[in-house]
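A.B. asks: Just passing along the structure, written as structure tokens.
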Amino acid sequence: MSDKSQKQIPSGTWIHGKWTGRRWRVRGCLGVGANGVVYAVDRDDGLPGAMKVCAGAGQVAFEWSLLERVKGARSPFPAPQQIDDSDHPLAQYFYVMERVGGKSLDKVWSGLTPADRQRVLLDIVAGLVQLHETGYAFCDVKAQNILVDVSDDMRVRFVDAGGVTPFGKAVRQFTPTSDGAFWGVCERRACAQYDLVGVALMALLLDVKPPANLSSQSQEQRRAWLNKAIVQAPGACWQSILQKVLRGSVTDATTFAMLLHSIPLPKDPERPDWSARLMWGSLASATLSTACAWALYLRLI
53 MSDKSQKQIP
63 SGTWIHGKWT
73 GRRWRVRGCL
83 GVGANGVVYA
93 VDRDDGLPGA
103 MKVCAGAGQV
113 AFEWSLLERV
123 KGARSPFPAP
133 QQIDDSDHPL
143 AQYFYVMERV
153 GGKSLDKVWS
163 GLTPADRQRV
173 LLDIVAGLVQ
183 LHETGYAFCD
193 VKAQNILVDV
203 SDDMRVRFVD
213 AGGVTPFGKA
223 VRQFTPTSDG
233 AFWGVCERRA
243 CAQYDLVGVA
253 LMALLLDVKP
263 PANLSSQSQE
273 QRRAWLNKAI
283 VQAPGACWQS
293 ILQKVLRGSV
303 TDATTFAMLL
313 HSIPLPKDPE
323 RPDWSARLMW
333 GSLASATLST
343 ACAWALYLRL
353 I
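Taking the working numbering, I'd label the letters of the sequence shown as residues 53 to 353.
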């Protein structure tokens with residue numbers, strides 16, 4: 053569990069890198085996780101970034117190595133910028149990464165069209181394919197850890213690598229509602245299936261609100277509610293895929309992506325072409341004006 057009441061670095065503070073000699077000015081806190089705090093920062097040369105401060109050097113080194121391993125033009129994770137230590141008591145061990153734009157998935161989901169939702173889920177699964185190729189699972193799959201940039205063709209980014217775990221190891225960080233073991237769907241062990249179950253649960257619970265007493269229910273009761281929720285979920289096209297993932301018949305991200313891509317979706321309603329309407333209205337107005345002018349002219353002859 054994270055301690056969101058822990059003391060944070062005040063905005064305007066300069067963090068001095070011990071080894072690189074660079075400086076970063078803190079702009080504000082972006083979020084508090086189970087294993088660290090993330091701040092919006094600007095480097096001394098103006099480069100914007102996000103600084104992840106952890107309690108120990110080992111966690112910083114692990115997350116940095118992961119970002120290095122999956123970096124690239126279309127990486128689902130932020131690009132790494134710098135790793136360093138400082139003498140500041142609240143930022144002794146840290147790394148700095150790209151500051152990602154967009155809003156968390158739970159903030160935008162209700163406003164997305166079916167086609168946009170499919171695009172977002174496909175992008176999430178594509179990111180998992182890339183991560184799984186390195187032998188790691190994301191594990192802490194939840195809407196708050198996924199940012200969607202609606203201004204950049206719905207591009208998806210993963211913003212917390214704190215729960216990433218090597219395949220075969222016990223999951224180190226998770227959220228109950230997207231944890232397959234919590235629902236009795238799969239083991240709490242890092243693997244591709246664990247992530248896919250997390251995505252399916254996340255997508256389902258974004259549409260169907262779970263009961264308030266979920267944590268006090270038995271695993272059998274939670275599983276019974278889950279089966280009903282799948283049937284109640286809007287859009288029958290999603291149900292069969294969710295059922296396949298949650299029943300364990302889909303265990304790799306590539307297959308999941310193929311199933312998502314095959315969903316027959318209704319076309320988004322066409323937006324009115326106001327430019328065309330304006331053009332025809334202008335032409336009609338010009339024609340009417342011309343006709344009136346000729347009428348007046350002929351009467352004067």
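Cβ coordinates follow ideal geometry from the N, Cα and C atoms, glycine included.
1) Roughly how many angstroms lie between the CA atoms of Cys243 and Val251, to the nearest whole one?
2) Where Ile282 and Leu312 are concerned, what is the direct C-alpha to C-alpha distance, given to the nearest angstrom?
3) With a 10 Å radius around its C-beta and 16 neighbouring C-beta atoms as the bar for buried, classify Ala109 as buried or exposed.
4) Taking C-alpha atoms, which residue in Leu253, Ser301, Val302, Ser268 lies nearest to Ala285?
5) What residue from Phe146, Arg95, Pro100, Pro141 has the CA that sits closest to Asn87's CA?
6) Judging by CA-CA distance, which residue of Glu120, Trp235, Gln182 is the nearest neighbour of Thr227?
7) Keeping to the same chain, check which residues put their C-beta closer than 8 Å to that of Ser267; ignore five residues upstream and five downstream.
8) On the CB-based measure, 16 or more other CB atoms within 10 Å of its CB, does Trp290 come out buried or exposed?
9) What do you reckon, are the CB atoms on Val105 and Ala143 nearer than 8 Å?
10) How is Gly163 classed by DSSP in three states: helix, strand or coil?
11) Could you tell me the distance, in whole angstroms, from the CA atom of Lys155 to the CA atom of Arg207?
12) For the beta strand (DSSP E) that Gly250 lies in, which residues bound it at each end?
13) Whose CA, out of Pro62, Arg299, Asp212, lies closest to the CA of Ala131?
14) What span of residues does the beta strand (DSSP E) with Met103 cover, start to end?
C.D. replies: Once the coordinates are examined:
1) Mapped onto the sequence shown, residue 243 falls at position 191. Mapped onto the sequence shown, residue 251 falls at position 199. Taking the straight line from one Cα to the other gives about 13 Å.
2) Mapped onto the sequence shown, residue 282 falls at position 230. Mapped onto the sequence shown, residue 312 falls at position 260. Computed Cα separation, rounded: 16 Å.
3) Indexing the sequence shown from 1 puts residue 109 at position 57. Exposed is the call here.
4) Numbered from 1 along the sequence shown, position 233 holds the residue referred to as residue 285. Looking at the Cα atoms, Leu253 is the closest of the given residues.
5) Reading the sequence shown from its first residue, position 35 is the one you call residue 87. Closest by alpha carbon: Phe146.
6) Taking the sequence shown and counting its residues from 1, the one referred to as residue 227 is at position 175. Looking at the Cα atoms, Trp235 is the closest of the given residues.
7) Within the sequence shown, numbered from 1, the residue matching residue 267 stands at position 215. The residues are Pro228.
8) For the purposes of this step, residue 290 is taken as residue 238 along the sequence shown, with counting starting at 1. Trp290 is buried by the Cβ-count criterion.
9) As a first step, residue 105 must be located in the sequence shown, where it is residue number 53. As a first step, residue 143 must be located in the sequence shown, where it is residue number 91. A contact, by the Cβ cut-off of 8 Å.
10) Within the sequence shown, residue 163 is the residue found at index 111, counting from 1. Correct three-state label for Gly163: helix.
11) To locate residue 155, count along the sequence shown from 1; it is residue 103. To locate residue 207, count along the sequence shown from 1; it is residue 155. Going from the Cα of Lys155 to the Cα of Arg207 covers about 11 Å.
12) Translated into the one-based positions of the sequence shown, residue 250 becomes position 198. Unbroken run through Gly250 is the alpha helix (DSSP H), 244-259; no beta strand (DSSP E).
13) Counted from its first residue, the sequence shown places residue 131 at position 79. Of Pro62, Arg299, Asp212, the residue nearest in Cα terms is Asp212.
14) As a working mapping, residue 103 is identified with position 51 in the sequence shown. 100-106 is the extent of the beta strand (DSSP E) around Met103.
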